[in-house]
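Scroll down for the structure; my scribbles are underneath it.
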Amino acid sequence: MSNARHMAGDMPVNGWIDRAVPASLRPFLKLLRLDRPVGSWLLLFPCWWSLVLGAVAVDVRLQDCIPSALLFWVGAILMRGAGCAINDVLDRDIDRLVDRTRSRPLASGAVSVRAALILIGLVMLAGLLILVSFNMATILLGLASVPMFLAYPLMKRLTMWPQVWLGLTFSWGALLGWTAVTGAPGWPMLALYAGAFFWVLGYDTIYAHQDREEDRMVGIGSSALALGERTKPAVAVFYGMALFLFTLSAALAGVSWLFYPCLVPALWHAARQVHQLDIDDPSGCLAVFQSNREFGWLVLGACLAGHLSITIPGSG
318 MSNARHMAGD MPVNGWIDRA VPASLRPFLK LLRLDRPVGS WLLLFPCWWS LVLGAVAVDV
378 RLQDCIPSAL LFWVGAILMR GAGCAINDVL DRDIDRLVDR TRSRPLASGA VSVRAALILI
438 GLVMLAGLLI LVSFNMATIL LGLASVPMFL AYPLMKRLTM WPQVWLGLTF SWGALLGWTA
498 VTGAPGWPML ALYAGAFFWV LGYDTIYAHQ DREEDRMVGI GSSALALGER TKPAVAVFYG
558 MALFLFTLSA ALAGVSWLFY PCLVPALWHA ARQVHQLDID DPSGCLAVFQ SNREFGWLVL
618 GACLAGHLSI TIPGSG
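Per this note's numbering, residue 318 is the first one in the sequence shown, and the count goes up by one each step.
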C-alpha cells in the first residue's frame, strides 16, 4: 500500500497511538515521535555497538551488559523524543510551509509552545535520571551532549551542512556505551564514533532529499542541496568510511575473527542502499533511510559475533 493511505504528511494515521491512546494525549506522543521509532533505533545503535566492543576490550560478559543496554534503550527513546520536540518548537513556522511537516502537532496547532516546553523539560529530566545511574565518565559525556542536541535545529539556518552537526550529535552514543562498560575513553571508542558520524551523514543526506525543494524555497541548508546530483557517490564514500572505521574500531578492541565475515552483510546492505537510491523519489528516499534500522542490527550482529570466544586454533 502507498504511504498516502497511512500518513498525513509525515505523521502516521491510524497507528497505535490513534488506536490506543486518548485523543487528548495523542498530539504529545506524536510530538515525541513515539509512533515513528526508526529515529530512536538509529540513536541507540551506536550505544549498543560500543557497549559490546567495550565489553570485548575489558573482557566483560555480555549478560553483564544487559542492564546498561536496557537503560540506553529507554534513554534513546527519551532523548530522541526531546530532540524532535525541540526541533519542532524552533521550526514550527517553517514546518507550516512544507507539505511533509505541516501536520506536525506544533505546526498544526494541536500542541502549544508552552505545553511542548513543559513536555521537553519532563522528558529531559527523565533522561537525566537514567544518565546518573551510569559511572562518572558516562555522566559527564552525556551532559556534554545536551548543548549539541539543543543547537542542532539552528544549524540548518547557519550552514549548508547541518547533517555534519547531526552526525556529531547522533553518534554520541558511541562514546557513552564504551565508557559505561570500560569507565574511560579509548581509541576504539573514537574510531567507532567517527564511523557512526559518517553513517549518520550518509543516511540523513538521503532523508534530506525528501524536502530538497522546500528547503531551497524557505532558504535553509541541507547536504541534499549541497551535494545535488553528486549524492549517490558521496553517500557511497560516507558508508565506505563508516564500515572501514567500524572495522578499525573492532580490531583495536580485540574482537574475535568472527566479526569480520559477519560484517559482510552490513557491507552488502550499504551497497544496496546506494544502488536503490533515487534522489528524485521522496518516498523511495524515506524507505532507504528507514532501512538503516536493519543496517544497525547487522552491525550489532557482527559486534556480538566478535565478542564470542572461539577455540578454533589460530582464532583471535
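Here a beta-carbon is modelled for each residue, glycine too, at the ideal position from N, C-alpha and C.
Answer with yes or no whether the minimum CB distance from residue i to chain C is below 8 Å.
| i | result |
| --- | --- |
| F563 | The structure shown contains no chain C, having only a single protein chain. |
Would you mind working out which of the options sits nearest residue i, comparing C-alpha positions?
| i | options | result |
| --- | --- | --- |
| A497 | A568, C364, L475 and L442 | C364 |
| P502 | S540, M453 and M472 | M453 |
| F563 | A513, A374, R431 and T476 | A513 |
| E530 | P339, D416, G332 and P384 | D416 |
| L475 | R589, V406, S341 and S539 | S539 |
| M472 | A491, T499 and N404 | N404 |
| S450 | L565, W489 and A386 | A386 |
| A622 | L565, C382, Y510 and L575 | L575 |
| I437 | V463, L457 and S341 | V463 |
| A432 | M506, F606 and P344 | P344 |
| S488 | A511, R419, D410 and Q527 | A511 |
| L457 | S429, G500 and S420 | G500 |
| L603 | P384, Q527, A340 and A337 | Q527 |
Measuring CB to CB, does residue i end up less than 8 Å from residue j?
| i | j | result |
| --- | --- | --- |
| A393 | S357 | yes |
| A587 | A619 | no |
| W390 | L617 | no |
| L542 | A551 | no |
| A525 | Q480 | yes |
| V572 | H624 | yes |
| G459 | L446 | no |
| M396 | G444 | yes |
| V406 | L360 | no |
| V355 | R589 | no |
| A491 | L569 | no |
| R421 | D410 | no |
| G519 | A559 | yes |
What whole-angstrom Cβ distance do residue i and residue j have, given they're in contact under 8 Å?
| i | j | result |
| --- | --- | --- |
| M334 | L346 | According to the sequence as given, residue 334 is Ile; it is not Met. Yes, they are in contact, since the Cβ atoms of I334 and L346 sit about 5 Å apart, within 8 Å. |
| W495 | L370 | 7 Å |
| D521 | L483 | 5 Å |
| T455 | L493 | 5 Å |
| S566 | P505 | 5 Å |
| V605 | I523 | 5 Å |
| C382 | A372 | 5 Å |
Over the uninterrupted alpha helix (DSSP H) stretch that includes residue i, give me the two end residues.
| i | result |
| --- | --- |
| A567 | T548 to A570 |
| N404 | I383 to D412 |
| L544 | S540 to L544 |
| P479 | P479 to F487 |
| F514 | W504 to A525 |
| T496 | G490 to T499 |
| L460 | M453 to L475 |
| P582 | F576 to Q593 |
| L445 | V430 to L448 |
| S357 | V355 to A374 |
| I334 | W333 to A337 |
| S655 | With the chain running from 318 to 633 in the structure shown, residue 655 is simply not present. |
| L423 | P422 to S425 |
| D532 | R529 to V535 |
message: Using a Cβ distance threshold of 8 Å, determine whether the segment 530-541 contacts the segment 421-430, with at least three qualifying pairs required.
response: no
- request: Flag this pair as touching only if the segment 567-583 and the segment 599-617 have three or more C-beta atom pairs under 8 Å; answer yes or no.
  value: yes
- prompt: Between the segment 461-481 and the segment 397-416, are three or more C-beta pairs nearer than 8 Å?
  reply: Per the Cβ contact rule, the segment 461-481 is in contact with the segment 397-416 (3 or more Cβ pairs under 8 Å).
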